[in-house]
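Colleague:
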Amino acid sequence: NGQAEFASSGEKWDYYVAGNLLQADFDGDPDNLDGQHVRGGLGKFGLNLSDDTRLEFLGIGSRSETDIIRSGNLEAIRSSSNVYAVTADHRLTDSSSLRGGFFHNDSHTLWNARGRDRSINNNTAFADYYLDTPLSPNLRYMGSVGTEVKRTEYLRDNQWDANFTDVSLKSENTLRIYDNLAVTAGLRHTWFENDIKLNGVDQADNLAEDQITSYELGVSYSVLKDTRVRASVASGYNRFFEKYGNFGSDALNPNGAGDEIVESLNYEIGVRQSFGFGYLDVALYDIEQDGVPRRASGAAIESVTVKQRGLEIEGLVRATKDLTFTANFMKVVDVEAIRADGSSSGGNIFFGANGVSVPDYQLSFQTTYALTQDINLWGLVYHTTGYQAENLDGTITDREGFTKLDIGASWWVKPSWALRARVENVFDERTFGSTISGTSVNDGGNLGTVFWIGTDYTF
1003 NGQAEFASSG EKWDYYVAGN LLQADFDGDP DNLDGQHVRG GLGKFGLNLS
1053 DDTRLEFLGI GSRSETDIIR SGNLEAIRSS SNVYAVTADH RLTDSSSLRG
1103 GFFHNDSHTL WNARGRDRSI NNNTAFADYY LDTPLSPNLR YMGSVGTEVK
1153 RTEYLRDNQW DANFTDVSLK SENTLRIYDN LAVTAGLRHT WFENDIKLNG
1203 VDQADNLAED QITSYELGVS YSVLKDTRVR ASVASGYNRF FEKYGNFGSD
1253 ALNPNGAGDE IVESLNYEIG VRQSFGFGYL DVALYDIEQD GVPRRASGAA
1303 IESVTVKQRG LEIEGLVRAT KDLTFTANFM KVVDVEAIRA DGSSSGGNIF
1353 FGANGVSVPD YQLSFQTTYA LTQDINLWGL VYHTTGYQAE NLDGTITDRE
1403 GFTKLDIGAS WWVKPSWALR ARVENVFDER TFGSTISGTS VNDGGNLGTV
1453 FWIGTDYTF
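Using my numbering, the letters of the sequence shown map in sequence onto residues 1003 to 1461.
1. CA-CA distance, residue 1402 and residue 1382?
2. Can you look up residue 1046 in the DSSP assignment and give me helix, strand or coil?
3. What does the alpha-carbon distance come out to for the pair residue 1217 and residue 1454?
4. Run the CB neighbour count on residue 1386, radius 10 Å, all protein chains shown included, and call it buried at 16 or more, exposed below.
5. Please state the DSSP three-state secondary structure of residue 1116.
6. Residues in its own chain within less than 7 Å of residue 1063 by CB, not counting five upstream and five downstream?
7. Quick one: what does DSSP say residue 1354 is sitting in, helix, strand or coil?
8. With a threshold of 16 other CB atoms inside 10 Å of the CB of residue 1222, please say whether the residue is buried or exposed.
9. What would DSSP say about residue 1333, mapped onto helix, strand or coil?
10. Could you check what DSSP says for residue 1227 in three-state terms: helix, strand or coil?
11. Pick helix, strand or coil for residue 1259, following the three-state DSSP scheme.
12. On a CA-only basis, which of 1170, 1054, 1286, 1197 is nearest residue 1336? Give me that one, please.
13. What three-state label does DSSP hand residue 1420 in the structure shown?
14. Would DSSP call residue 1323 helix, strand or coil?
15. Determine the direct distance from the alpha carbon of residue 1179 to that of residue 1226, and round the result to whole angstroms.
16. What residues are listed by DSSP as bridge partners for residue 1189?
17. Do three or more CB pairs link the stretch 1263-1283 to the stretch 1234-1241 at distances below 8 Å?
18. Can you tell which of 1245, 1420, 1036 has the C-alpha that lies nearest to the C-alpha of residue 1459?
19. How is the beta strand (DSSP E) around residue 1342 delimited, first residue to last?
20. Do the stretch 1312-1322 and the stretch 1340-1347 make contact, defined as three or more Cβ pairs closer than 8 Å?
21. Which residues in the same chain as residue 1331 place their Cβ atom closer than 6 Å to its Cβ, once the five residues preceding and following it in sequence are excluded?
22. Would you tell me roughly how many angstroms separate the C-alpha atoms of residue 1110 and residue 1079, rounded to the nearest one?
23. Tell whether a beta-carbon distance below 8 Å holds between residue 1070 and residue 1112.
24. Have a look at 1163, 1230, 1187, 1195 and flag the residue whose alpha-carbon is nearest the alpha-carbon of residue 1204.
25. How many Å lie between residue 1008 and residue 1014 at the Cα?
26. What does the alpha-carbon distance come out to for the pair residue 1119 and residue 1160?
27. Per DSSP, what kind of secondary structure is residue 1246 in: helix, strand or coil?
28. Taking the straight line between their C-alpha atoms, what separation do you get for residue 1450 and residue 1321?
29. If you draw a straight line from the C-alpha of residue 1127 to the C-alpha of residue 1283, how long is it?
30. Along the beta strand (DSSP E) that carries residue 1077, what are the first and last residues, could you check?
31. Looking only at C-alpha atoms, which of 1272, 1198, 1309, 1074 sits nearest to residue 1289?
32. Let me know if residue 1074 comes out buried or exposed under the rule of 16 or more other beta-carbons within 10 Å of its beta-carbon.
33. Any idea what DSSP makes of residue 1184, helix, strand or coil?
34. Identify the continuous beta strand (DSSP E) that holds residue 1061 and give its terminal residues.
35. Where do the N-terminal and C-terminal ends of the beta strand (DSSP E) with residue 1152 fall, by residue?
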């Protein structure tokens, strides 16, 4: 595994280039992985046309060649992904500016042995106007207005050829009152268009809604110098591209979910307490998604409403100048999928007997310690409790929790040269939660403990 980085700059330009390579041959337990070859690169170039105008170009590429052994046969899985972007920024005045650009990303996976040939291509063009200006000595406005056009092509297994076009107008606005209160309001209106083919045959455009208005309202307030509370409500949407083909080769049934856009409504309240030695952040959220597709009996694709509530806690403590602790806690209080007739599918969002994995809580804890000026140690432990999932037929799948530990160290032999080592999954966890009852999860491909050694050299 190797990585290289290069960077330089001048008065009018700057660039950054990086590349990485992973070549791995595997001969161990489990015996279903033969080898993997991964290579990738990144390039970014900036050009200052004037004191007020800047252009930036970005390119990221990755290629993966994985060979597995399945049913005694060697099978090749090939995947690739690319990101390209160009942006232009121009300052009009000290308080206003323009930004426009184009963004492209694509991914492609080919697994001939299983007849899988899947890709997603996204192209987005955008333009925004920004304004940041004081309205009075104690009132400041920051906002933007803009437009966005997104075109997505989704290809699946030489069967589905789906194209989606989204055109949006948007605005984001914030008022800062004195130094302790901020009020935010945003609005976005989006028009949708579908062009879907299955085995070369045009599918009916069953969009339940061809346009949606989404919004955001938020407020944050510093109760004390180091204590800030916040609350927000936001609506949104997603296309859920995976529904096309994820339920087999059945055409979308107009008597089922059709082509509904998945809409969401999110409420959140939180508080952040800062200390001289760190901070603590606590948030409660409630999310409701409407129009989530789900396979019902027969070929129908029904629409369900998914409700989820949870708690998130994040903290950081700098115990000494050399020792730092961070912790994250997440608890999903409840998740439920509700059919159009008001009945519950028992937490079952997808299809068949698949229940949703909802552990009681998840916790991660990380520490970094500068043993000396040249030697650094770190450790990361992740723990999740087990869960009970109610399946469509009323049966229960019960799984245990597990703990995963990673540790590592770095030694700067000299300012330009470092040696690194890490051990992932110290406890050799492979099942990631043994099945107590119900359908077992296929965990035969898990590697267990992995050891890494490496070096960095800067010149």
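C-beta atoms are modelled at their ideal positions from N, C-alpha and C, and glycine is treated no differently. No experiment lies behind these values; they were computed from the predicted model shown.
Modeller: In brief:
1. When only Cα atoms are considered, residue 1402 and residue 1382 end up about 21 Å apart.
2. Note: residue 1046 maps to strand in three-state DSSP.
3. The straight-line gap from Cα to Cα measures roughly 46 Å.
4. Buried, because 16 or more other Cβ atoms sit within 10 Å of the Cβ of residue 1386.
5. Helix, per DSSP.
6. Excluding sequence neighbours, residue 1063 sits near 1042, 1043, 1084.
7. Its pLDDT being 46, under 50, residue 1354 is placed unreliably by the model, and the measurement read from it follows with that caveat. Residue 1354: coil per DSSP, three-state reduction.
8. The residue is buried, with at least 16 neighbouring Cβ atoms inside 10 Å.
9. In the three-state DSSP reduction, residue 1333 falls in the strand class (E or B).
10. It is coil, neither helix nor strand.
11. Per-residue confidence for residue 1259 stands at a pLDDT of 49, beneath the threshold of 50, marking its modelled position as unreliable; the derived number appears in the next sentence. Residue 1259 falls in the coil class under three-state DSSP.
12. Shortest Cα-Cα distance from residue 1336 to any of 1170, 1054, 1286, 1197 involves 1286.
13. Strand at residue 1420.
14. Residue state, collapsed to three classes: coil.
15. Approximately 15 Å between the Cα atoms of the pair.
16. Looking at the DSSP output, residue 1189 shares a beta bridge with 1173, 1217.
17. Touching, yes, given that three or more Cβ pairs across the two stretches are closer than 8 Å.
18. The option with the nearest alpha carbon to residue 1459 is 1420.
19. For residue 1342, there is no enclosing beta strand (DSSP E), as DSSP marks it with neither H nor E.
20. Fewer than three Cβ pairs drawn from the stretch 1312-1322 and the stretch 1340-1347 lie within less than 8 Å of each other, which leaves the two stretches out of contact.
21. The residues are 1315, 1365.
22. Using only the alpha carbons, I get a separation of about 11 Å.
23. Cβ atoms of residue 1070 and residue 1112: not closer than 8 Å.
24. Nearest Cα to residue 1204 within the set 1163, 1230, 1187, 1195: 1163.
25. When rounded, the distance between both Cα atoms is 18 Å.
26. Using only the alpha carbons, I get a separation of about 7 Å.
27. Residue state, collapsed to three classes: helix.
28. Taking the straight line from one Cα to the other gives about 33 Å.
29. Rounded to whole angstroms, the gap between the alpha carbons of residue 1127 and residue 1283 is 36 Å.
30. From DSSP, the beta strand (DSSP E) with residue 1077 extends over 1075-1093.
31. Considering only alpha carbons, the answer is 1309.
32. With fewer than 16 other Cβ atoms inside 10 Å of its own Cβ, residue 1074 counts as exposed.
33. Looking at residue 1184 - three-state DSSP - the assignment turns out to be strand.
34. Unbroken beta strand (DSSP E) run through residue 1061: 1055-1072.
35. Per DSSP, the unbroken beta strand (DSSP E) holding residue 1152 starts and ends at 1141-1158.
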